[in-house]
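Undergrad:
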Ligand SMILES: Cc1cc2nc3c(=O)[nH]c(=O)nc-3n(C[C@H](O)[C@H](O)[C@H](O)COP(=O)(O)OP(=O)(O)OC[C@H]3O[C@@H](n4cnc5c(N)ncnc54)[C@H](O)[C@@H]3O)c2cc1C
Ligand code: SF4
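Protein chains in written order, with our numbering: chain Y, 676 to 1094; chain C, 1139 to 1252.
(1) Can you tell which of Y:689, Y:707 and Y:747 has its C-alpha closest to the C-alpha of residue 683 of chain Y?
(2) Apply the 10 Å Cβ neighbour rule to residue 799 of chain Y and answer buried if 16 or more other Cβ atoms are within range, or exposed otherwise.
(3) Going by the beta-carbon positions, is the gap between residue 867 of chain Y and residue 1067 of chain Y smaller than 8 angstroms?
(4) Under 7 angstroms, CB to CB, which of the residues in the stretch 815-836 of chain Y have a partner in chain C?
(5) Okay, do the stretch 814-834 of chain Y and the stretch 1020-1030 of chain Y touch, 3+ Cβ pairs below 8 angstroms being the bar?
(6) When DSSP labels each residue in this structure, what does residue 1078 of chain Y get in the three-state scheme?
(7) Taking the alpha-carbon of residue 1221 of chain C as reference, which of C:1151, C:1200 and C:1230 has the nearest alpha-carbon?
(8) So for residue 957 of chain Y, helix, strand or coil by DSSP?
(9) Going by the DSSP bridge assignment, what does residue 687 of chain Y pair with across the sheet?
(10) Hey, is residue 1238 of chain C's beta-carbon within less than 8 angstroms of any beta-carbon in chain Y?
(11) Could you please go through the chain and list the residues whose beta-carbon is closer than 5 angstroms to any non-hydrogen atom of ligand 2?
(12) Using 10 angstroms around the beta-carbon of residue 895 of chain Y, count the other beta-carbons present and answer buried if the total reaches 16, otherwise exposed.
(13) Could you check what DSSP says for residue 819 of chain Y in three-state terms: helix, strand or coil?
(14) For chain Y, is any of its Cβ atoms less than 8 angstroms away from the one on residue 1147 of chain C?
(15) Using a Cβ-Cβ cut-off of 8 angstroms, state whether residue 870 of chain Y counts as contacting chain C.
(16) Is residue 900 of chain Y helix, strand or coil by DSSP?
(17) Exposed or buried, what is residue 986 of chain Y when buried is set at 16 or more other beta-carbons lying within 10 Å of its beta-carbon?
(18) Taking the C-alpha atoms as reference points, what is the distance between residue 1213 of chain C and residue 853 of chain Y?
(19) Please determine, among Y:1056, Y:1042, Y:1050 and Y:1053, the residue with the shortest C-alpha to C-alpha distance to residue 1094 of chain Y.
(20) Could you tell me the distance, in whole angstroms, from the CA atom of residue 729 of chain Y to the CA atom of residue 692 of chain Y?
(21) Under 8 angstroms between C-beta atoms, does residue 1162 of chain C make it to chain Y?
(22) Please list, in chain order, all residues of the same chain as residue 1050 of chain Y whose beta carbon is under 6 angstroms from its beta carbon, the five residues on each side excluded.
(23) For a test of your reading of the model: does the CB of residue 816 of chain Y fall under 7 angstroms from any non-hydrogen atom of ligand 1? Yes or no.
(24) What residue range is occupied by the uninterrupted alpha helix (DSSP H) comprising residue 755 of chain Y?
(25) I need the straight-line Cα distance from residue 680 of chain Y to residue 759 of chain Y, nearest angstrom please.
(26) For a quick check, are the C-beta atoms of residue 1148 of chain C and residue 976 of chain Y less than 8 angstroms apart?
(27) Taking the straight line between their C-alpha atoms, what separation do you get for residue 983 of chain Y and residue 915 of chain Y?
(28) Which one or two residues does DSSP pair with residue 864 of chain Y in a beta bridge?
(29) Within 10 angstroms of its Cβ, does residue 1013 of chain Y collect 16 or more other Cβ (buried), or is it exposed?
(30) Indicate, with yes or no, if ligand 1 has a heavy atom lying under 7 angstroms from the CB of residue 875 of chain Y.
(31) Based on DSSP bridge pairs, tell me the residues matched to residue 784 of chain Y.
(32) So is the beta-carbon of residue 686 of chain Y under 7 angstroms away from any non-hydrogen atom of ligand 1?
(33) Please list the partners that residue 1201 of chain C has in chain Y, where partner means a Cβ-to-Cβ separation under 7 angstroms.
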């Protein structure tokens, strides 16, 4: 068994950013484990621009953004292993991985940061009636085939779900000569960013069917031939007589991303509403010394925020390695209140926290003209006004630690409509 | 009065533009610039890929170094799809100079060595 101070699982943007931050703060005995044969994770296939406005004050494409990080990893000689799939993490922080050049390896880590990203919900995860023909892909699969291998999965396309990847693929496939017939979204509002509705759909006159979903999939000789969509009511039940049929050869699914935290399944941990692990203000899970950041913790729409969170986790890991996380003193549970879908972190150790407490959350559905409150027990610590807020845009609120008294058990975040 | 969504950054501000091209609703100055350009001559950054003469990395991502007039986008795609690069490729290498006479270069956005 080999020993390492810090093992980072997953070499995407979160993994690389946390490695670089820990290195900067003096921890140099680091190992990044990445199962693909390249660093950078999902950004390798995100060839569109829109990355790095916060981080570099420049609009970069995914590959450009990630190459700045991989260059810094290489320049600082931070060690990493590619094609190395992590198979397990034990409670006492032994990480097991395997690759073709070392075989099965066990590493005893003093601290771990888990940055394994997310995966896409697929056809098995949603209920669609009808055949199971070929021609049904997740939007991310189609993105990988087209952008990394030059293979266009189909010519007549319908997209289910208005997530950003689906919207971006609507534009991308149109540019490559496919006809995108429409996008159906179950909710009465889009799951993707407004800018993507404008530049990926409206620019190409692709219709967006809100409050619609795919009712049936029809295949012929094993290949997709038709999809039938229909309108739904407030309870998501189909409204009879609203069916529309499309002749297609491809159905893309862009129906949600789920944290990829299978490696935590056998550990004594609880999970939050994000479907990622419960973490503290330092992105530490309930196992001391095991941290997590990026899409494995909660799905982010902006890589800049992934990078920021990865640095918070690295900062926490360095504090832990230097014996500066006491896990003593006052502890809060952080709860999502009225109108809030989830909040990260779910626990705060007041004594260990930095000067600012950072709350990241998403609303459960769109609101207009609201106040957001952060409350310690019954005491309002922070109130801010928002003219409009939507679930697809994560909010970040920073509050001075000094404003918290350390008395109540609970901190809650909630919204109230202004009268 | 015209209403637009600023696409310059993910914030997606709702902009209002009056007949004298006065812009409101923008959180930052880039929004005003976007609104004027969008209503006079809309432009978009184009990203795509080109073929690479390599088994391991068959595609190289590219972008237009500056935004292109919207109406040239499909013509530009035709040019992009005619190109095959040979190795090595560096970020910023010019793949097509002055595409479709727009004065804008198409550049590589990935380093590829094998
Ligand atoms: C398709 C898509 C499009 C997006 N578009 C945008 C955009 O336009 N703009 C923007 O700002 N953000 C965008 N995002 C947001 C995205 O959340 C971030 O950009 C960011 O890249 C996520 O980083 P990550 O490191 O958390 O995850 P990833 O990049 O997914 O990295 C996780 C890494 O962990 C590795 N891994 C997983 N399991 C194991 C294991 N068991 N062993 C070893 N390695 C493992 C994976 O191979 C991968 O390299 C997009 C996200 C997706 C999914
Ligand atoms: S106005 Fe500024 S902040 Fe608002 S979307 Fe445009 S660039 Fe972003």
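The C-beta atom is built at its ideal place from N, Cα and C for all residues, glycine as well.
TA: Once the coordinates are examined:
(1) As a first step, residue 683 of chain Y must be located in the first chain, where it is residue number 8. Looking at the Cα atoms, Y:707 is the closest of the given residues.
(2) Residue numbering aside, residue 799 of chain Y sits at position 124 when the first chain is read from its first letter. Exposed, by the Cβ-count rule.
(3) Counting from 1 along the first chain, the entry for residue 867 of chain Y is found at position 192. Counting from 1 along the first chain, the entry for residue 1067 of chain Y is found at position 392. It is a contact, given that the beta carbons lie within the stated cut-off.
(4) 822, 823, 824 and 825
(5) no
(6) Residue 1078 of chain Y sits at position 403 when you count from the first residue of the first chain. Reduced to three states, the DSSP call for residue 1078 of chain Y is helix.
(7) In the second chain, the residue the question calls residue 1221 of chain C occupies position 83. Here the closest residue by C-alpha is C:1200.
(8) Position 282 of the first chain holds residue 957 of chain Y. Three-state DSSP puts residue 957 of chain Y in coil, outside helix and strand.
(9) As a working note, residue 687 of chain Y is residue 12 in the first chain. DSSP lists Y:715 as partners of residue 687 of chain Y.
(10) By one-based count along the second chain, residue 1238 of chain C stands at place 100. No, residue 1238 of chain C does not count as interfacial toward chain Y.
(11) C:1144, C:1146, C:1147, C:1149, C:1151, C:1164, C:1165, C:1166, C:1168 and C:1169
(12) Reading the first chain from its first residue, position 220 is the one you call residue 895 of chain Y. Residue 895 of chain Y is exposed by the Cβ-count criterion.
(13) To locate residue 819 of chain Y, count along the first chain from 1; it is residue 144. The answer is helix: DSSP assigns residue 819 of chain Y an H, G or I state.
(14) The residue labelled residue 1147 of chain C in the question sits at position 9 within the second chain. Chain Y contact via Cβ: present.
(15) In the first chain, the residue the question calls residue 870 of chain Y occupies position 195. With 8 angstroms as the cut-off, residue 870 of chain Y counts as an interface residue toward chain C.
(16) Working through the first chain from its first residue, we reach residue 900 of chain Y at position 225. If DSSP states are grouped into helix, strand and coil, residue 900 of chain Y belongs with the strands.
(17) On the first chain, position 311 is the one that residue 986 of chain Y refers to. With 16 or more Cβ atoms within 10 Å of its Cβ, residue 986 of chain Y is classed as buried.
(18) For the purposes of this step, residue 1213 of chain C is taken as residue 75 along the second chain, with counting starting at 1. For the purposes of this step, residue 853 of chain Y is taken as residue 178 along the first chain, with counting starting at 1. Going by the C-alpha atoms only, they are around 15 angstroms apart.
(19) Within the first chain, the letter at position 419 stands for residue 1094 of chain Y. Out of Y:1056, Y:1042, Y:1050 and Y:1053, Y:1042 has the C-alpha closest to the C-alpha of residue 1094 of chain Y.
(20) Position 54 of the first chain holds residue 729 of chain Y. Position 17 of the first chain holds residue 692 of chain Y. Residue 729 of chain Y and residue 692 of chain Y: Cα-Cα distance of roughly 14 angstroms.
(21) Position 24 of the second chain, counted from the first residue, corresponds to residue 1162 of chain C. So no, residue 1162 of chain C is outside the interface.
(22) Here residue 1050 of chain Y refers to the residue found at position 375 of the first chain. Same-chain partners within the cutoff: 1087.
(23) Position 141 of the first chain, counted from the start, is the residue given in the question as residue 816 of chain Y. Outside the cutoff, so no.
(24) Taking the first chain and counting its residues from 1, one reaches residue 755 of chain Y at position 80. Taken as a continuous stretch (DSSP letters only), residue 755 of chain Y belongs to no alpha helix (DSSP H), being part of the beta strand (DSSP E) at 754-756.
(25) Along the first chain, read from residue 1 onward, the residue named residue 680 of chain Y stands at position 5. Along the first chain, read from residue 1 onward, the residue named residue 759 of chain Y stands at position 84. Each residue's Cα considered, the two are about 19 angstroms apart.
(26) Taking the second chain and counting its residues from 1, one reaches residue 1148 of chain C at position 10. Taking the first chain and counting its residues from 1, one reaches residue 976 of chain Y at position 301. The answer is yes: Cβ separation under 8 angstroms.
(27) As a first step, residue 983 of chain Y must be located in the first chain, where it is residue number 308. As a first step, residue 915 of chain Y must be located in the first chain, where it is residue number 240. Cα-Cα distance, rounded: 47 angstroms.
(28) Start at 1 with the first residue of the first chain, and residue 864 of chain Y comes out as number 189. None, per the DSSP bridge assignment.
(29) For the purposes of this step, residue 1013 of chain Y is identified with residue 338 of the first chain, where counting begins at 1. Classification of residue 1013 of chain Y: exposed, given that the 10 Å Cβ count is below 16.
(30) Working through the first chain from its first residue, we reach residue 875 of chain Y at position 200. Outside the cutoff, so no.
(31) Here residue 784 of chain Y is taken as the residue at index 109 of the first chain, counted from 1. DSSP, once it has assigned bridges, lists Y:679 as partnering residue 784 of chain Y.
(32) Working through the first chain from its first residue, we reach residue 686 of chain Y at position 11. Residue 686 of chain Y: yes, Cβ under 7 angstroms from ligand 1.
(33) For this step, residue 1201 of chain C is matched to residue 63 along the second chain. Neighbours of residue 1201 of chain C on chain Y, chain order: 724 and 736.
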